[in-house]
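Read through the structure below, which is laid out as structure tokens, and then see the notes.
Residue numbers (our numbering): 25 to 90.
Pasting the structure below:
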């Protein structure tokens, strides 16, 4: 997250590893805050299987907080 202030961006990742780790009980909660800042339609796209249309997070997304 802090790297985004320096111009670094993140890209959508395959969710399989996350699901495997969650099923193993490695954590109880997964946050999607940056994903929602970058793409307000994230939930709709995920539920409709439109993962190829997801937008990656970048520092410009932080301007939506101001």
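Note that CB positions come from ideal geometry on N, CA and C, so glycine has one too.
Bear in mind that the values here come from a model prediction, so they are computed numbers and not experimental data.
So, with DSSP's three-state summary, where would you put residue 45?
In the three-state scheme derived from DSSP, where H, G and I count as helix and E and B as strand, residue 45 is classed as helix.
From the DSSP output, which residues share a beta bridge with residue 51?
Paired residues: none, contrary to the question.
Do residue 59 and residue 66 have their C-beta atoms closer together than 8 Å?
Going by C-beta atoms, residue 59 is nearer than 8 Å to residue 66.
For residue 71, the first and last residue of its enclosing alpha helix (DSSP H)
From DSSP, the alpha helix (DSSP H) with residue 71 extends over 66-71.
Taking only the alpha-carbon atoms, compute the straight-line gap between residue 47 and residue 57 and give it to the nearest angstrom.
Those two C-alpha atoms are separated by around 21 Å.
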